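Down below is the structure, laid out as structure tokens.
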Amino acid sequence: MTNATEGPAFRYTARLANEIEQKWQRYWVDNGTFNAPNPVGDLATGTQLPEDKLNVQDMFPYPSGAGLHVGHPLGYIATDVYARYNRMLGKNVLHTLGYDAFGLPAEQYAIQTGTHPRTTTEANIANMTRQLDALGLGHDRRRSVATTDPEFYRWTQWIFLQIYNAWFDEEQQRARPIEDLVRELMTGERTCKDGRAFRDLSTEEKYAAIDEFRLVYLSESMVNWCPGLGTVLANEEVTADGRSERGNFPVFRKRLRQWMMRITAYSDRLLDDLELLDWPEKVKSMQRNWIGRSRGAQVAFASEAGDIEVFTTRPDTLFGASYVVLAPEHELVGVLTADAYPEGVDTRWTNDAATPAEAVASYKRAIAAKSDVERQENKEKTGVFLGSYATNPVSGEQVPIFIADYVLTGYGTGAIMAVPAHDERDHEFATVFGLPIVEVLEGGDVSQEAFTGDGPHVNSANSAGLDLDGLGKEDAIARTIAWLEDNGSGTEKIQYKLRDWLFARQRYWGEPFPIVYDENGQAHSLPEDMLPVELPEVEDYKPVSFDPDDADSEPSPPLAKATDWVEVELDLGHGTQTYWRDTNVMPQWAGSSWYQLRYIDPTNADEFCNIENERYWTGPRGENDPGGVDLYVGGVEHAVLHLLYARFWHKVLYDLGFVTSREPYRRLYNQGYIQAYAYTDARGVYVPAAEVEEKDGRFYHHGEEVTQEYGKMGKSLKNAVAPDEIARDFGADTLRVYEMSMGPLDTSRPWATKDVVGAHRFLQRLWRLVVDEETGELRVDEAALTDEDAKQLHRTIAGVREDYENLRDNTVVAKLIEYVNHLTKAYSGAVPRAAVEPLVQMVSPLAPHIAEELWSTLGHADTVTFEPFPTFDESLLVDETVEVPVQINGKVRARIQVAPDATPQEMEAAARGDARVAELTEGKNVVKVIAVPGRMVNLVVK
1 MTNATEGPAF RYTARLANEI EQKWQRYWVD NGTFNAPNPV GDLATGTQLP EDKLNVQDMF
61 PYPSGAGLHV GHPLGYIATD VYARYNRMLG KNVLHTLGYD AFGLPAEQYA IQTGTHPRTT
121 TEANIANMTR QLDALGLGHD RRRSVATTDP EFYRWTQWIF LQIYNAWFDE EQQRARPIED
181 LVRELMTGER TCKDGRAFRD LSTEEKYAAI DEFRLVYLSE SMVNWCPGLG TVLANEEVTA
241 DGRSERGNFP VFRKRLRQWM MRITAYSDRL LDDLELLDWP EKVKSMQRNW IGRSRGAQVA
301 FASEAGDIEV FTTRPDTLFG ASYVVLAPEH ELVGVLTADA YPEGVDTRWT NDAATPAEAV
361 ASYKRAIAAK SDVERQENKE KTGVFLGSYA TNPVSGEQVP IFIADYVLTG YGTGAIMAVP
421 AHDERDHEFA TVFGLPIVEV LEGGDVSQEA FTGDGPHVNS ANSAGLDLDG LGKEDAIART
481 IAWLEDNGSG TEKIQYKLRD WLFARQRYWG EPFPIVYDEN GQAHSLPEDM LPVELPEVED
541 YKPVSFDPDD ADSEPSPPLA KATDWVEVEL DLGHGTQTYW RDTNVMPQWA GSSWYQLRYI
601 DPTNADEFCN IENERYWTGP RGENDPGGVD LYVGGVEHAV LHLLYARFWH KVLYDLGFVT
661 SREPYRRLYN QGYIQAYAYT DARGVYVPAA EVEEKDGRFY HHGEEVTQEY GKMGKSLKNA
721 VAPDEIARDF GADTLRVYEM SMGPLDTSRP WATKDVVGAH RFLQRLWRLV VDEETGELRV
781 DEAALTDEDA KQLHRTIAGV REDYENLRDN TVVAKLIEYV NHLTKAYSGA VPRAAVEPLV
841 QMVSPLAPHI AEELWSTLGH ADTVTFEPFP TFDESLLVDE TVEVPVQING KVRARIQVAP
901 DATPQEMEAA ARGDARVAEL TEGKNVVKVI AVPGRMVNLV VK
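Okay, so the sequence shown: first residue is 1 according to the UniProt record's numbering, each after it adds one.
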């Protein structure tokens with residue numbers, strides 16, 4: 001189909017647009033137009049670089065086998081427009097795009113199609129690159145990377161080793177090399193975590209002591225195990241109902257030995273440095289909530305198995321703690337589970353089990369498939385009594401110990417003191433199990449519902465010197481903490497929701513760990529000259545999957561099958577020995593946690609990023625500037641995980657002296673989405689949206705009526721529109737202008753192919769201002785601008801500059817359309833060169849191909865890319881006169897022209913001098929005049 005009419009020989013049609021676009025895309029590649037030079041290294045030019053630079057970046061795309069639809073390039077076009085605008089301001093602009101190509105989606109697709117993940121990934125990258133190139137994006141192609149390239153993941157592995165071989169010094173609040181720790185341990189300047197002297201330990205004990213400090217460590221951790229996929233999953237890969245996001249398989253909580261990253265050491269810095277970032281407040285808030293810093297007390301409830309440590313932000317309510325609840329996975333559950341129930345125990349506490357052990361085992365099986373989100377949902381509370389008791393430290397009372405799924409190991413200590421009178425969940429639980437509800441804050445009927453407000457303390461005194469009765473919240477908290485510390489029952493503490501980062505996957509398609517194990521199972525890091533550890537080429541790369549419901553299954557990573565690769569002979573400084581490689585791989589977040597730095601120095605074979613290049617592109621510009629990429633654009637769905645992980649890695653690299661910036665991204669912008677209508681038939685099955693016809697407000701697919709719905713564009717809804725089709729039928733510049741004109745960049749907007757023609761017609765009108773459609777000859781002359789032309793031009797320039805600067809591309813389009821329409825109406829023949837040359841320059845960031853062609857047609861030999869962006873004359877932005885209404889007794893009867901700064905007296909004089917006003921007030925008495933400067937004049941007459 002061709003939506004653009006062919007018409008005269010030199011009309012701007014889809015065919016001509018395609019020819020122009022291919023021509024200028026070749027020119028840009030052949031001339032390296034968008035190649036941004038570095039200060040040092042292979043990409044340096046040897047010339048003085050502009051101090052004014054811009055580093056603009058899009059979030060790493062995953063190269064899907066389905067290719068792009070028109071929703072994908074929205075952000076890429078916007079950053080390209082911004083980058084092109086800033087080049088015209090004289091800045092050195094770094095803009096490129098790579099591919100985040102490891103991970104489960106690529107592996108699953110390869111398994112389904114029976115081809116190797118690398119084969120499918122490389123084909124997907126080639127297709128996506130072709131589609132993006134057709135849009136005329138001004139990327140420095142030399143800087144593009146893919147996480148799956150060994151020369152890239154060599155440095156991912158290298159960074160992993162820097163983190164592994166580092167520890168967090170709590171006193172200095174920064175990471176330091178592990179060698180510093182060993183030296184301090186050897187000299188006795190520092191002791192081991194358990195207080196022992198390092199020099200007295202055996203070799204194996206020394207290894208273990210050092211590992212307790214490392215920022216990367218092996219831990220027996222609770223993980224999300226998905227037998228159906230044969231791998232553990234990150235929390236974000238599990239749905240709210242406890243199933244895998246990919247495949248919809250059951251997911252079980254299981255304790256496994258896994259690599260962890262100690263991101264929690266950076267909790268305070270990750271929180272505090274948010275204040276330095278130019279990010280949407282919504283994203284900052286999401287990160288604050290995810291980290292979840294809170295102040296309170298760590299309280300010890302004594303039991304036969306030792307102290308149960310509980311963290312609470314309200315230690316002042318301890319007198320109301322009538323029971324304790326442990327997470328079912330808590331390490332003390334086994335030793336606290338009694339052999340038998342006490343006599344007379346409430347049957348509601350036992351879940352009809354004969355013994356506590358039987359009740360605990362049954363309960364754990366029942367909740368194994370529940371996600372953390374599902375466990376915390378507001379629903380009927382369940383749990384079982386362990387048959388044992390703990391001592392409330394302030395009241396001295398014995399309180400029963402339960403396990404319940406609403407308590408998680410992932411926050412606090414995995415144990416809570418339950419205060420049912422003043423906590424809704426605890427109140428619900430206590431009501432179900434018939435537990436005591438003790439009021440300690442006055443203000444509500446706690447027998448009916450929890451009182452969660454604040455009031456004076458009641459029933460809160462003991463004989464050991466603690467009396468809170470009558471006190472308010474802050475005083476009571478301070479007095480309780482002081483008493484707990486004096487009595488050895490607790491300490492003041494800051495707690496976080498953030499948990500350490502599970503950093504291992506049982507997959508094939510990921511970065512191998514640069515770690516080997518000796519015969520004792522001790523981990524050893526590989527030296528730099530052994531990197532990269534490349535993935536072995538194996539015939540069977542499928543993960544070992546199990547019965548989806550088999551919660552007791554054990555992971556068996558695909559790499560374990562590559563026995564020749566797993567077992568190696570190496571000399572790591574103690575002679576040649578046999579070692580075994582780690583058969584897990586890194587999660588897909590690894591490469592995207594640092595890729596912005598490789599963009600800076602992608603050809604450097606000696607360093608992951610030269611620090612002088614990093615200083616130029618992302619270094620801080622002042623005392624309170626954290627540094628980082630100048631503009632980072634992507635979806636809000638990455639607000640927490642990717643951005644939090646990238647910040648963590650970057651801070652470690654900063655602490656170790658590898659970068660000068662404290663943060664990876666100084667400015668973040670979340671773009672919206674392009675949405676589209678989708679259609680389902682009577683079966684509820686989606687049908688191709690392109691094949692649906694509308695008749696009298698109803699919709700039909702091959703004669704059958706279908707139901708319309710609205711949602712995100714995508715393959716599953718069969719409503720995707722390929723950018724290739726739009727570029728073919730209208731031209732890539734039309735697609736760019738249409739997407740940028742659809743609405744504010746940070747909001748979602750509906751796609752309508754029928755509306756694309758409007759953007760195409762705008763470009764046709766622009767073309768006609770310069771080129772005669774019949775002859776192809778230039779239509780401009782050297783005539784001077786009229787006063788009205790000058791005013792319209794300079795107002796357009798001023799508005800467009802401000803809008804480009806603030807990513808308001810939709811209003812840029814509107815202003816340019818208005819100016820083109822003005823010139824079209826004003827001139828039927830030749831148009832002044834002085835009117836159209838600035839127009840072509842202003843259009844070029846949005847529609848670069850047509851702008852290049854028109855710039856060349858206007859007689860310029862060089863690309864428009866680096867032409868200075870037009871400037872404006874301030875004096876031409878001010879109106880000489882403004883129109884204000886004149887009211888008589890409140891009704892508008894005339895309009896007058898006055899100076900913008902006219903005084904009330906001058907406005908009154910102009911109104912009285914107007915012929916229409918004089919006629920209507922003749923013979924009448926003006927009793928009052930109200931004149932609002934620049935707004936209106938009202939004459940009250942009788």
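Positions of the beta carbon are idealized from the N, C-alpha and C atoms, including for glycine.
None of these values were measured; they are calculated from a predicted model.
TODO: Please state whether DSSP places W589 in a helix, a strand or coil.
DONE: Looking at W589 - three-state DSSP - the assignment turns out to be helix.
- [ ] Rank R893, T921, I888, I896 by C-alpha distance to the C-alpha of I930 and give the top, closest one.
- [x] Nearest to I930 by C-alpha distance, out of R893, T921, I888, I896, is I888.
Open item on the list: Taking the beta carbon of Q298 as the centre, do at least 16 other beta carbons fall within 10 Å, making it buried, or is it exposed?
Closed with: Counting C-beta atoms within 10 angstroms of its own C-beta, Q298 has 16 or more neighbours from the protein chains shown and is therefore classed as buried.
Open item on the list: Check this for me: beta carbons of N719 and Y679, under 9 Å apart or not?
Closed with: Yes; because the gap between Cβ atoms is below 9 Å, this pair is in contact.
- [ ] Could you tell me if D549 is buried or exposed, where buried requires 16 or more neighbouring beta carbons within 10 angstroms of its beta carbon?
- [x] Exposed, since its Cβ has fewer than 16 Cβ neighbours within 10 Å.
Open item on the list: Tell me which residues share the same chain as F546 and place their Cβ nearer than 6 Å to its Cβ, disregarding the 5 neighbours each side in the sequence.
Closed with: Cβ contact annotation for F546 (same chain, cutoff 6 Å, sequence separation greater than five): P227, S553, in chain order.
Open item on the list: On the CB-based measure, 16 or more other CB atoms within 10 Å of its CB, does S741 come out buried or exposed?
Closed with: Only buried fits S741, as 16 or more other CB atoms lie within 10 angstroms of its CB.
Open item on the list: Suppose you measure from the CA of R935 to the CA of G913; what does that come to, to the nearest Å?
Closed with: Each residue's Cα considered, the two are about 18 Å apart.
Task: Rounded straight-line distance, which links the Cα of A366 to that of L137 - done: For L137 and A366, the distance between alpha carbons rounds to 54 Å.
Open item on the list: Can you tell me which residues form a DSSP beta bridge with A175?
Closed with: According to DSSP, residue pairing for A175 in a beta bridge involves F168.
- [ ] Using only alpha-carbon positions, find the residue among L793, K825, L876, V629 that is nearest to L277.
- [x] The residue with the shortest Cα to Cα distance from L277 is V629.
TODO: Compute the beta-carbon to beta-carbon distance between E739 and P73, rounded to the nearest angstrom, for a pair I have assumed lies under 8 Å.
DONE: Correct: roughly 7 Å between the Cβ atoms.
TODO: Mind listing, in chain order, the continuous beta strand (DSSP E) runs of no fewer than 3 residues lying wholly within the segment 621 to 695?
DONE: The DSSP assignment places complete beta strand (DSSP E) segments of no fewer than 3 residues inside the segment 621 to 695 at 631 to 634, 668 to 670, 674 to 680, 692 to 695, in order along the chain.
Task: Rounded distance between the beta-carbons of D100 and G591, thought under 8 Å - done: Contact flag correct, Cβ pair sits at about 6 Å.
Task: Cβ shell of D467 (< 7 Å), same chain only, five flanking positions each side left out - done: Cβ neighbours of D467 beyond the five flanking positions: A461.
- [ ] Rounded to whole angstroms, what's the CA-CA distance from P527 to G41? Just pull it up for me.
- [x] Their backbone Cα atoms lie some 25 Å apart in a straight line.
- [ ] Since I believe T865 is in contact with R26 (beta carbons under 8 Å), could you give me their beta-carbon distance rounded to a whole number of angstroms?
- [x] About 15 Å separates the beta carbons of R26 and T865, which is beyond the 8 Å limit, so they are not a contact pair.
Task: Cβ separation of F402 and V345, assumed to be a contact under 8 Å, to the nearest whole Å - done: 12 Å between Cβ atoms; not a contact.
- [ ] Sort out for me which residues DSSP pairs W259 with in a bridge.
- [x] DSSP, once it has assigned bridges, lists L218 as partnering W259.
Open item on the list: Could you tell me the alpha carbon to alpha carbon distance between S388 and V335, rounded to whole angstroms?
Closed with: Each residue's Cα considered, the two are about 10 Å apart.
Open item on the list: As a quick exercise: from P8, D52, A9, G7, pick the residue whose alpha carbon is nearest that of R621.
Closed with: Nearest neighbour of R621 by Cα position, chosen from P8, D52, A9, G7, turns out to be D52.
- [ ] Report yes or no: do three or more beta-carbon pairs, one from the segment 673 to 693 and one from the segment 644 to 656, lie closer than 8 Å?
- [x] Contact between the segment 673 to 693 and the segment 644 to 656 is not established, with fewer than three Cβ pairs separated by less than 8 Å.
Open item on the list: Taking 9 Å as the threshold (C-beta atoms), are V216 and F503 in contact?
Closed with: Yes, these two residues count as a Cβ contact at 9 Å.
Task: Given 8 Å, three or more beta-carbon pairs between the segment 49 to 65 and the segment 806 to 822 - done: With the cut-off at 8 Å, the segment 49 to 65 and the segment 806 to 822 do not touch.
Open item on the list: Given a cut-off of 9 Å on the beta-carbon distance, is the pair P512 and M586 in contact?
Closed with: Result yes, Cβ atoms of P512 and M586 sit closer than 9 Å.
Task: Rounded Cβ spacing between W155 and F658 (contact assumed at less than 8 Å) - done: That pair is no contact at about 11 Å.
Task: Stretch-stretch touch, CB-based, cutoff 8 Å, three pairs: the segment 797 to 806 with the segment 867 to 877 - done: Under the Cβ criterion (8 Å, minimum of three pairs), the segment 797 to 806 counts as touching the segment 867 to 877.
Task: Residue of K924, L766, V440, D149 minimising C-alpha distance to G472 - done: Of K924, L766, V440, D149, the residue nearest in Cα terms is V440.
Open item on the list: Taking the alpha-carbon of F311 as reference, which of E449, I494, E725 has the nearest alpha-carbon?
Closed with: The residue among E449, I494, E725 with its C-alpha nearest the C-alpha of F311 is I494.
Task: Contact set for K561: own chain, Cβ-Cβ below 7 Å, skip 5 residues either direction - done: Excluding residues up to 5 positions away in sequence, V538, D540 lie with their Cβ nearer than 7 Å to the Cβ of K561 in the same chain.
Open item on the list: Just to confirm, is the Cβ distance from E442 to P456 under 9 Å?
Closed with: Yes; because the gap between Cβ atoms is below 9 Å, this pair is in contact.
- [ ] State the start and end residues of the unbroken beta strand (DSSP E) segment that holds L570.
- [x] Note, L570: beta strand (DSSP E), 567 to 571.
TODO: Given a cut-off of 9 Å, decide if D445 and N459 are closer than it, judged by their beta-carbon atoms.
DONE: Not a contact, by the Cβ cut-off of 9 Å.
Task: Nearest neighbour of A302, chosen from P315, S294, G490 [CA to CA] - done: A302 has its Cα closest to that of G490, out of P315, S294, G490.
TODO: Rounded to whole angstroms, what's the CA-CA distance from N205 to E220? Just pull it up for me.
DONE: In the sequence as presented, Asn is not what sits at residue 205; that position holds Glu. Taking C-alpha positions only, E205 is separated from E220 by approximately 18 Å.
- [ ] Could you say which of H574, A732, V652 lies nearest to I159 if we only look at CA atoms?
- [x] Closest in C-alpha terms to I159, from the list H574, A732, V652, comes V652.
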